Each structure stands twice: as structure tokens, then as C-alpha cells.
């Protein structure tokens with residue numbers, strides 16, 4: 001028996017206990033009263049044993065903090081499905097984090113978010129890639145890194161809209177309320193490194209960060225995408241340091257629309273800081289804070305509505321004054337008033353009618369001048385056209401005289417719907433394209449009317465030439481790269497002798513190769529000699545050729561097969577040799 005000091009006995013309060021080592025139970029009892037303190041104790045000691053080869057090995061298994069049970073001898077089959085899902089998710093998170101250069105501690109935090117999502121049954125019914133990317137993005141937002149949601153979608157080749165929907169649902173399901181807003185300055189360094197500002201990279205980043213702080217003070221950051229604000233700041237900072245970066249380059253890096261980028265620039269232009277020069281902006285420590293863009297936009301709308309309301313009130317006031325002056329007019333005799341009113345009304349109608357006729361006539365004159373400006377019409381042709389129009393007008397007038405009133409009214413209503421002021425029958429005499437082109441000189445050397453100073457303006461300087469070349473290269477960059485790859489591949493194929501994919505030239509066909517009995521390669525002045533040869537006539541003597549000569553000439557001009565020995569064809573028609581053979 002062995003004494004050991006444990007806790008006090010609950011029966012007698014004695015502190016001496018004995019362990020029964022003579023039985024397999026190994027109970028611990030009080031040495032004074034005999035009360036059993038612990039039954040079947042479990043020893044939590046690390047025990048070692050020997051393997052079949054005699055090597056020392058630890059007996060038992062380790063149980064992790066996130067495991068439900070131990071895995072014996074590395075067997076993964078004993079794991080539950082939930083544990084397997086969690087292990088596979090952590091493995092994939094590590095893989096994505098390595099591809100996007102995310103630190104390990106952020107990947108571990110993303111694994112914890114994935115475990116929480118798995119506990120809340122958020123993974124069921126959703127693509128695992130979307131959930132894993134959303135967990136990583138939440139961890140990156142917590143640590144305020146420069147990674148954007150579109151970076152994960154581009155790497156995993158999934159839609160950014162579906163990924164964004166999964167992220168928003170996960171934030172709502174897991175009650176993530178302390179997610180900080182993304183600061184535009186976090187993306188500035190990432191964008192600047194991609195745009196390659198060489199040795200002035202730090203200077204551009206410094207100016208861009210100051211621009212971002214200035215935009216935040218001027219309420220431009222609120223309610224905007226941080227990537228758009230950061231892209232606008234990088235573009236302005238590049239221009240401040242004499243780097244020409246186009247909107248397309250910023251859009252490719254920031255993943256925002258060009259219109260969004262231009263709006264941020266326009267909003268900054270309306271602020272007090274946008275009116276400063278580059279040097280004054282760098283030296284200024286504090287500038288007057290401008291109003292938010294939405295406030296200025298609503299203020300402009302309010303001013304416009306107030307102006308319209310003021311104009312309407314002025315018109316109403318003027319109308320009331322006219323009505324009041326009419327009420328104060330003395331009451332004359334009713335007959336005199338009616339006669340005077342009718343006279344004024346008639347005069348007013350005459351004035352309106354005269355002005356309408358003058359406007360119509362001026363429109364006609366203007367239209368005729370426009371049509372006849374470049375026409376080469378003689379006076380006789382114009383007179384004939386006008387006479388034809390007048391004749392048509394007379395016929396229509398005579399027909400209208402014999403119409404009944406109802407038909408006349410209907411015709412008048414139809415004519416009011418048609419614009420009769422347009423001149424007719426003049427389209428035939430409009431100038432043709434050939435007439436206009438004939439007036440252009442075809443001699444390219446006619447520069448007598450230009451002096452040397454004017455000609456110098458058409459030639460680019462060295463700086464303008466380099467700038468234009470750079471612009472053209474930037475616009476056609478993809479085409480130039482494709483052509484260079486094609487050229488290098490062709491040179492490599494020629495050096496290696498791999499010409500199987502080269503385009504082979506097609507066999508040239510004769511002009512009259514389809515004509516039976518006449519060769520298609522004859523080309524001479526009259527075409528007679530080769531034609532006679534083709535039908536079996538000698539061009540020199542004019543005598544008919546033998547069958548052997550015709551066959552020789554035909555086969556000598558055009559080879560039909562590489563397996564035929566054309567040199568031995570003469571022996572086939574040799575009578576002496578044929579006799580020897582016995583033919």
C-alpha cells in the first residue's frame with residue numbers, strides 16, 4: 001500500500017489515501033475510514049511502447065481542439081462527414097490564400113469563419129468556392145488588406161455578382177456587424193505597383209494618399225466604391241508626376257467603369273482643392289471643406305425650380321395687372337365698343353396673316369437657296385419647272401371650284417395635314433456625286449497656294465511624333481503582340497524544320513485547262529502555235545505529228561506523276577526495239 005496526499009475525505013476529512021494495487025480496479029480509498037474516493041481511475045500519462053521492429057512509439061492518439069474523437073494510426077475514415085468538410089475547406093482556403101499572397105494568420109481566421117458558417121448550416125445548398133471566398137474576404141476586411149471581391153472571383157473563375165450575393169447573405173446570417181469599411185488608401189499601393197511608376201512609385205503613392213484624404217474631407221468618399229476613388233486618386237497623382245496613364249489602364253487595374261472614374265474626377269474638380277495648382281496642393285496643409293456633391297446637385301435643382309416659379313409668378317402678376325387695367329377702362333356706348341372691338345380684331349387678324357405669309361415666304365426662299373446652292377441649272381430649266389408647278393396649281397384650283405362644299409372641306413382638311421411648302425420636281429436636278437468629284441483636282445502637286453510656314457504646321461515635331469507613336473502603340477498593343485508571336489513562331493518552325501503547318505501554295509491552273517486536247521499553259525501573241533501543237537500539228541512545218549511525238553510533247557510540258565520514268569517513253573515507240581522484243 002502506498003500513501004498519497006490527495007483532497008480531503010468527504011466522510012472524515014482525512015487527507016491520507018491509499019491506492020489498491022492488488023486488484024485490477026485500482027481504487028483509491030481513505031486510510032482512516034476506508035471510504036472509496038475514486039473508482040477505476042484513468043491515467044493521463046504519456047506511455048511509450050515498442051513496435052515490431054523495436055522502435056519506440058507513443059501509445060494512444062492526439063485529439064485536437066476542433067476534433068470530436070481521436071484518429072488512430074492516421075485513419076481518416078473514422079472522421080465524420082462534418083469534420084471531413086471542415087478539413088477540406090481549410091485545405092482549399094490555404095490554397096486560395098497562397099495564390100493571392102494572403103498571410104497564414106488571415107487564412108486561419110478565414111477557417112474559423114468557415115467553421116462558424118458550417119455550424120449555422122450556411123454551406124448547404126451553396127457552392128463551396130463561393131463560401132470559401134466569402135470567408136477569406138471577411139477575414140481580409142477585418143485585417144484591412146488591399147484584396148477586393150473581384151480578385152477572388154477572377155482567381156476562382158466565378159461570377160463576381162454571385163460571390164457578392166453569397167458574401168451579403170453570410171454577413172446577414174452570421175450577424176457580422178463590426179465589418180469595417182474599406183479605405184481607398186488601402187488599394188492605392190496595390191494599383192500603383194501594377195501601373196509600374198518605376199523609381200517614382202513612392203512619390204505617386206504619397207500624392208495619391210493625400211488626394212484620398214482630401215476627397216474624404218470633401219465628402220466624396222461617402223457612398224462611393226473605394227476602388228473608384230482610389231483609381232481616380234492614382235490617375236491624378238500620375239498626372240501630377242508627369243506620367244501619362246489613360247483611363248483604360250486605370251479601369252483595367254481598378255476594375256471599375258470608365259464613367260465611374262470620370263464622375264469622381266468631375267466631383268473633385270468642383271471642390272476648392274481642385275482649383276489649386278500642383279505645388280500649392282502639395283504645400284497646403286488645410287483647405288476649406290466643400291459641400292457634398294449630392295448637396296450641390298440638389299441645390300442646383302432647387303435654384304432651377306425657384307427660377308421657374310419666379311417666372312410664373314411674374315407672368316401671373318402681369319396678367320393680373322392687365323386684367324385690372326381692363327376693369328378700370330370707362331364704359332362707352334355698346335355699339336361704339338363693339339365696332340371698335342371688331343375693327344381691332346380685324347386689324348390684329350390682318351397683322352397675324354401678313355406675318356404668317358412673310359414667314360412662309362422666307363422659309364420658301366431659304367429652302368430654295370439651300371437646294372439650288374450647288375446646282376448648275378440654267379434660267380430656262382428653272383422657268384420650265386416653275387411653269388409646270390403653276391400649271392398644276394391651276395388644275396387643282398379649277399377642280400376645287402366644281403367640288404361640292406363637303407368634298408371641298410374634306411380636301412382642305414387633308415391639305416392641311418400635308419406640308420405643301422416644299423418645292424417639287426427639283427430632285428432631278430440636284431448635283432450628282434460625279435459632278436462634285438470632278439471639281440476636285442487630281443494633281444497632288446498643286447501646292448502653289450500654300451506657303452512654307454503653313455506647310456510646316458502639317459509636319460509633326462520629334463516630340464509629337466514620339467507621343468503619337470506611343471498612343472498608337474498603346475491602342476494597338478494586342479495586335480502588335482499577336483503579330484510578334486506569329487513571327488517568332490514562324491521563325492522557330494523554319495529553324496526546327498517544322499513546316500507541316502505552313503500554308504502551301506496552290507497549284508497554278510492553266511487558263512484553258514478545261515479544254516480537251518489543248519494544253520492550258522500556252523500563252524503567246526496569237527495563241528496559234530501552241531494551239532496547233534495541242535491538236536497534233538507541228539508549228540514549224542504544219543505537218544501532222546505522229547503519236548509518239550504528240551505523247552512526248554504532252555508529257556514534257558506537264559508531269560502527271562513522279563513514279564513514271566519519262567526518259568524511257570521514247571523506247572516504247574522505237575520500231576527497231578519493238579521488233580527485237582517480238583511485238
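Numbering (the UniProt record's numbering), first residue to last: 1 to 583.
Quick reminder that beta carbons are idealized off the backbone N, C-alpha and C, glycines included.
Computed from a predicted model, the values in this text were never measured in an experiment.
#### Entry: Straight-line Cα distance separating residue 166 from residue 82
In the chain shown, counting from the first residue as 1, residue 82 sits at position 82. In the chain shown, counting from the first residue as 1, residue 166 sits at position 166. In this structure, the CA atom of residue 82 is about 21 angstroms from the CA atom of residue 166.
### Query
Beta-carbon separation of residue 26 and residue 20 under 8 angstroms?
What you label residue 26 is simply residue 26 of the chain shown in a count that begins at 1. What you label residue 20 is simply residue 20 of the chain shown in a count that begins at 1. The beta carbons of residue 26 and residue 20 sit closer together than 8 angstroms.
### Query
Going by beta carbon distance, what residues of the same chain come within less than 6 angstroms of residue 11, once the five residues before and after it are set aside?
For the purposes of this step, residue 11 is taken as residue 11 along the chain shown, with counting starting at 1. Around residue 11: 33, 35.
### Query
When the Cα of residue 129 is compared with those of 96, 146, 48, which residue comes out closest?
For the purposes of this step, residue 129 is taken as residue 129 along the chain shown, with counting starting at 1. Answer by Cα proximity: 96.
### Query
Just checking my contact of residue 192 with residue 256 at CB under 8 angstroms: how many whole Å lie between their CB atoms?
Counted from its first residue, the chain shown places residue 192 at position 192. Counted from its first residue, the chain shown places residue 256 at position 256. Rounded, the Cβ-Cβ distance is 16 angstroms, inconsistent with contact.
### Query
Is the beta carbon of residue 99 sitting closer than 8 angstroms to the one on residue 155?
For the purposes of this step, residue 99 is taken as residue 99 along the chain shown, with counting starting at 1. For the purposes of this step, residue 155 is taken as residue 155 along the chain shown, with counting starting at 1. Contact: yes.
### Query
Sorted by chain position, which residues of the same chain lie with C-beta nearer than 6 angstroms to residue 564's C-beta, five sequence neighbours on each side aside?
The count along the chain shown starts at 1 and reaches residue 564 at position 564. Cβ within range, chain order: n/a, list empty.
#### Entry: The beta strand (DSSP E) enclosing residue 18, as first and last residue numbers
Locating residue 18 in the chain shown gives position 18, where the first residue counts as 1. Annotation: the continuous beta strand (DSSP E) that includes residue 18 extends over 16–19.
### Query
Are the stretch 208–223 and the stretch 231–246 touching by the rule of at least three beta carbon pairs closer than 8 angstroms?
Touching, yes.
### Coil, strand or helix - residue 49 by DSSP
Counting from one through the chain shown, the residue named residue 49 turns up at place 49. In the structure shown, residue 49 falls within a strand segment according to DSSP collapsed to helix, strand and coil.
### Query
Since residue 490 is in the alpha helix (DSSP H), which residue starts that stretch and which ends it?
Along the chain shown, read from residue 1 onward, the residue named residue 490 stands at position 490. 477–496 is the extent of the alpha helix (DSSP H) around residue 490.
### Query
Going by the beta-carbon positions, is the gap between residue 170 and residue 122 smaller than 8 angstroms?
Position 170 of the chain shown, counting from 1, holds the residue named residue 170. Position 122 of the chain shown, counting from 1, holds the residue named residue 122. Yes; because the gap between Cβ atoms is below 8 angstroms, this pair is in contact.
### Query
When the Cα of residue 217 is compared with those of 465, 273, 491, 259, which residue comes out closest?
For the purposes of this step, residue 217 is identified with residue 217 of the chain shown, where counting begins at 1. When each option's Cα is compared against that of residue 217, the closest is 273.
#### Entry: Cα-Cα separation between residue 157 and residue 136, rounded to whole angstroms
Along the chain shown, one-based indexing puts residue 157 at 157. Along the chain shown, one-based indexing puts residue 136 at 136. One Cα belongs to residue 157, the other to residue 136, and the distance between them is close to 16 angstroms.
### Task
Can you grab the Cα-Cα spacing for the pair residue 119 / residue 153, in whole Å?
Numbered from its first residue, the chain shown carries residue 119 at position 119. Numbered from its first residue, the chain shown carries residue 153 at position 153. So the two alpha carbons sit approximately 25 angstroms from each other.
#### Entry: Local Cβ density within 10 Å of residue 481, reported as buried at 16 or more and exposed below that
The residue you call residue 481 lines up with position 481 of the chain shown. Exposed, since its Cβ has fewer than 16 Cβ neighbours within 10 Å.
### Task
Identify every run of the alpha helix (DSSP H) within the stretch 170–215, keeping only runs that are complete inside it and at least 4 residues long; order them along the chain.
Correct list: 185–195.
### Message
Can you tell me which residues form a DSSP beta bridge with residue 38?
### Response
What you label residue 38 is simply residue 38 of the chain shown in a count that begins at 1. Listed as beta-bridge partners of residue 38 by DSSP are 28.
### Query
In whole angstroms, what separates the C-alpha of residue 280 from that of residue 88?
On the chain shown, residue 280 is found 280 positions in, with the first residue counted as 1. On the chain shown, residue 88 is found 88 positions in, with the first residue counted as 1. If you take the alpha carbons of residue 280 and residue 88, they lie about 56 angstroms apart.
### Task
Grab the span of the beta strand (DSSP E) containing residue 56 for me, first residue to last.
Sequence index remark: in the chain shown, residue 56 carries index 56 (1-based). In the DSSP assignment, residue 56 falls within the unbroken beta strand (DSSP E) covering 56–59.
### Query
When the Cα of residue 145 is compared with those of 48, 177, 106, 301, which residue comes out closest?
As a working note, residue 145 is residue 145 in the chain shown. Minimum Cα-Cα distance from residue 145 among the listed residues 48, 177, 106, 301 corresponds to 106.
### Query
Just to confirm, are residue 117 and residue 179 a CB contact at a threshold of 8 angstroms?
Mapped onto the chain shown, residue 117 falls at position 117. Mapped onto the chain shown, residue 179 falls at position 179. The answer is no: Cβ separation not under 8 angstroms.
### Task
Please classify residue 239: does DSSP put it in a helix, a strand, or coil?
In the chain shown, residue 239 corresponds to position 239, counting from 1. Three-state DSSP puts residue 239 in a helix.
### Query
Under three-state DSSP, which class holds residue 288?
By 1-based counting over the chain shown, the position of residue 288 is 288. Residue 288: coil per DSSP, three-state reduction.
### Query
From which residue to which residue does the alpha helix (DSSP H) around residue 142 run?
Position 142 of the chain shown, counting from 1, holds the residue named residue 142. Per DSSP, residue 142 belongs to the alpha helix (DSSP H) from 128–143.
### Query
How would you call residue 453, buried or exposed, if buried means at least 16 neighbouring beta carbons within 10 angstroms?
The residue you call residue 453 lines up with position 453 of the chain shown. Around the beta carbon of residue 453, a 10 Å sphere encloses fewer than 16 other beta carbons of the protein chains shown; the residue is thus reported as exposed.
### Task
Taking residue 149 and residue 163 to be in contact with their CB atoms under 8 angstroms, please state how far apart those CB atoms are, rounded to whole angstroms.
What you label residue 149 is simply residue 149 of the chain shown in a count that begins at 1. What you label residue 163 is simply residue 163 of the chain shown in a count that begins at 1. Contact annotation, residue 149 with residue 163: C-beta distance approximately 6 angstroms; criterion of less than 8 angstroms satisfied.
### Task
Kindly indicate which three-state DSSP category residue 113 falls into: helix, strand or coil?
Position 113 of the chain shown holds residue 113. Note: residue 113 maps to helix in three-state DSSP.
### Message
Taking 7 angstroms as the limit between beta carbons, can you name the residues of its chain near residue 160, skipping five residues before and five after?
### Response
Here the question's residue 160 lines up with position 160 in the chain shown. Result list for residue 160: 149, 150, 153, in chain order.
### Task
Kindly indicate which residue of 290, 291, 276 has the alpha-carbon position closest to the one of residue 284.
Taking the first residue of the chain shown as 1, we reach residue 284 at position 284. Answer by Cα proximity: 276.
### Task
Could you tell me the distance, in whole angstroms, from the CA atom of residue 316 to the CA atom of residue 322?
As a position in the chain shown, residue 316 is number 316, starting the count at 1. As a position in the chain shown, residue 322 is number 322, starting the count at 1. Cα to Cα, the separation comes out at about 10 angstroms.
### Query
Just checking my contact of residue 267 with residue 293 at CB under 8 angstroms: how many whole Å lie between their CB atoms?
Numbered from its first residue, the chain shown carries residue 267 at position 267. Numbered from its first residue, the chain shown carries residue 293 at position 293. Right, their Cβ atoms sit about 5 angstroms apart.
#### Entry: Alpha carbon of residue 168 to alpha carbon of residue 126, nearest angstrom
Stepping through the chain shown from its first residue, residue 168 is reached at position 168. Stepping through the chain shown from its first residue, residue 126 is reached at position 126. Between residue 168 and residue 126, the C-alpha separation is close to 13 angstroms.
#### Entry: Own chain partners of residue 357 with C-beta closer than 6 angstroms, once the 5 adjacent residues on each side are dropped
The count along the chain shown starts at 1 and reaches residue 357 at position 357. For residue 357, same chain residues with a beta-carbon under 6 angstroms away, outside a window of 5 residues either side, do not exist.
### Range of the contiguous alpha helix (DSSP H) that encloses residue 151
In the chain shown, counting from the first residue as 1, residue 151 sits at position 151. Following the DSSP letters along the chain, one finds residue 151 inside the alpha helix (DSSP H) bounded by residues 149–156.
### Query
What's the gap between the Cα of residue 588 and the Cα of residue 204?
With the chain running from 1 to 583 in the structure shown, residue 588 is simply not present.
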